[in-house]
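Worksheet: one structure, shown below.
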Amino acid sequence: MAFIEVEDLTHVYLRGTPMETTAVQDVTLRIDEGEFTVLIGPTGSGKSTLVQHFNALLKPTTGKVRVGGRDLSDPKTDLRAVRHQVGLLFQYPEYQLFEETVDEDVAFGPRNMGLPADEVRERVRNALEAVGLDPATFGPRSPFTLSGGEMRRVATAGVLAMTPKVLVLDEPAAGLDPRGKAEILGKIRSLHDGAGITVVLITHSMDEAAALASRVVVMDRGRVVMDGPTREIFARADELRAIGLGIPAVTTLVRDLRNRGIPVRTDVLTFEEAHAAIREALGWN
Amino acid sequence: MPLIEIRDLRHVYNAGTPQEVIALDGISLAVEAGEFLAVVGGNGSGKSTLAKHLNALLLPTAGEVWVDGLDTRDRAAVWDIRQRVGMVFQNPDNQLVATVVEEDVAFGPENLGVPAPEIVLRVEAALRAVDMLEYRRHAPHLLSGGQKQRVAIAGVLAMRPQCLVLDEVTTMLDPQGRREVLETVRRLNASGVTVINITHTMEEAALAQRIIALQDGRIRLEGPPAQVFDRADVLEAMGLTLPVIPALARALREDGVALGDGILSTDAFVDALVRLSAAAAPGSGA
């Protein structure tokens, strides 16, 4: 069943001024419970604006957004409850850490939900474990003594401590080194695979999108221009390039090989698939 | 004489306090004029600290940094050094100061006291070099990320530097923006500008002539990309990974496919595999 339903959504910033910009235009989109959706699109295509409607941080200029069956534009809808269900992690969330200890920072959300102290403690511990940080070691430390990757994971734990059904992440791996990237993306994947959390992830990396998503939604100039299973979307290389995006490096490689007469399958998305496909083409399997 | 010479550089933040951090721990490095050098390393390896020593934004705790024969510890030389070595940073939105592109690019030479008629020429040349001349009268905040970074590079070029230091300049860009900026940098290097690109994107490091890899403030690996990527075990221990194309070439070599060493790019990979399969084909005249 669709958990997030967006219907004919249009969002206009600074309407009626010379700076008026239509950031999202006529978007209709359904996200089912348990899906792992990656949202790609050039800078300024409306990705961040769109996802901020998922927990009512932004209100539609026109159109409707429903979350868990609740109409967000209905004044009777409890938006706080929606925000507990849809956790949103912005770009560079480490800049939003502000408490003196990691424990306090992660506890901020659940405490604001009015939960009793022992439940808050329990949630903080679970959330830190979920992102791979040992609560005993990291809990008492100042967030500002951590590495970039660790800070990013603390910020993610802060959202997880609210036990959301949906996790929306805006470029969660940007600016991290390869190890930090692998760590945070691995944790997000295991939250989806293990805990069944619905994930919507924005990225500029086609390799990341290919490795993580079961579904890819492509935006360009405020509109959804493609939406489908990952493999089908990355088969449309020319259309993606035309809007300034691309395809994964290994997909480019096998397509180039095929153009030069090597009989290799081209529907590959990951390193392992490319490795197997080239071995197969060489008759090594 | 190298353009930049670093001798046994140490940098300690908050020395003598409980927060003391040794960011650079004995770096020696020479960068020749016209070189394209990539500096790689994990978060916290000392890359950005090293970058800030290259134009005297930081001064050595111990050791020396020389730029074109000028010592960064010599306070009288600071402006000459900064004119020779220009820096561009990660976030395009934090670097543009004016409301019109050409005024932004003129900011540096104006501060150097360059006469107005020459500023006009420099701004035009710099914007042309990054392929942004047609945007000269645009407002910077309405440009794409890649365009903003190219304007930031033009702002540095207008100071006629010998060396461009890029600190993670493509991190926040979309694929098109990355392609634009990297192509611009490659062209500038071909026209003689020394480039030092600080990055943890290994695909980007592969474009340089030489890579140095930092760990805990020391140089752990150094050499041409093919040679550095040959040490996948060491890179992994540093929190880095091989770019996907060399990694795939390596995996196939380990399978026994005679692809040959030093494959860095998609084109080189395709050429090698096509040659190999032509040689193996029946009736190929063997």
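Residue numbers (this note's numbering), protein chains in the order written: chain D, 1 to 285; chain H, 1 to 286.
Using N, Cα and C, we set each Cβ at its ideal position, and we do this for glycine too.
- Annotated as distal: D118 of chain D and T266 of chain H, with beta-carbon spacing of 8 angstroms or more.
- Nearest in C-alpha terms to F138 of chain D, of all of D:T61, D:D170, D:D105, is D:D105.
- Going by C-alpha positions, Q52 of chain D is about 11 angstroms away from V65 of chain D.
- Contact annotation, V31 of chain H with T194 of chain H: C-beta distance approximately 7 angstroms; criterion of less than 8 angstroms satisfied.
- By the C-beta criterion, the region 97 to 105 of chain H is judged to be in contact with the region 147 to 163 of chain H, since at least 3 inter-stretch pairs fall below 8 angstroms.
- When the beta-carbon positions are compared, T203 of chain D and V86 of chain D stay at least 8 angstroms from each other.
- Using a Cβ distance threshold of 8 angstroms, L214 of chain H and K52 of chain H do not count as a contacting pair.
- In this structure, A210 of chain D keeps its C-beta atom at 8 angstroms or more from the C-beta atom of T252 of chain D.
- By the criterion of a C-beta distance shorter than 8 angstroms, V12 of chain H is surrounded in its chain by E20, V21, I22, A23, T61, once the five residues flanking it on both sides are discounted.
- In this structure, the straight-line span from the alpha carbon of L54 of chain H to that of L70 of chain H is close to 11 angstroms.
- The DSSP-derived three-state label of K59 of chain D is coil.
- Among the residues facing chain H, P178 of chain D is included, as its CB has a counterpart in that chain under 8 angstroms away.
- Burial check for P110 of chain D: the Cβ neighbour count within 10 Å reaches 16 or more, so the residue is buried.
- Beta bridge pairing from DSSP links P92 of chain H with no other residue.
- Ranked by how close their Cα comes to the Cα of M1 of chain D, the residues D:T61, D:E35, D:E94 have D:E35 in first place.
- Rounded to whole angstroms, the Cβ separation of L164 of chain H and Q149 of chain H is 12 angstroms, and the two are not in contact under 8 angstroms.
- The secondary-structure analysis by DSSP pairs H11 of chain D across a beta bridge with D:V24.
- For chain H, none of the residues of the region 87 to 112 of chain D brings a beta carbon within less than 8 angstroms of one of its beta carbons.
- Within chain H, the residues placing a beta-carbon under 9 angstroms from that of S147 of chain D are G42, N43, G44, ordered along the chain.
- In terms of beta-carbon proximity, F271 of chain D lines the interface with chain H, with at least one pair separated by less than 8 angstroms.
- Residue pairing from DSSP places H11 of chain H in a beta bridge opposite H:L24.
- Sixteen is the threshold: since fewer than 16 other Cβ atoms of the shown chains lie within 10 Å of the Cβ of H141 of chain H, the residue is exposed.
- Within chain H, no C-beta atom comes less than 7 angstroms from the C-beta of L169 of chain D; the nearest is roughly 16 angstroms away.
- For G177 of chain H, the chain D residues whose Cβ falls inside 9 angstroms of its Cβ are P42, T43, H204, G244, in order along the chain.
- Taking the CA atoms as reference points, P2 of chain H sits about 25 angstroms from A129 of chain H.
- Any Cβ of chain D closer than 8 angstroms to the Cβ of D255 of chain H would place that residue at the interface, and such an atom is present.
- For H200 of chain H, the residues of chain D that pass the 7 angstroms Cβ criterion are D177, P178, in the order they occur in the chain.
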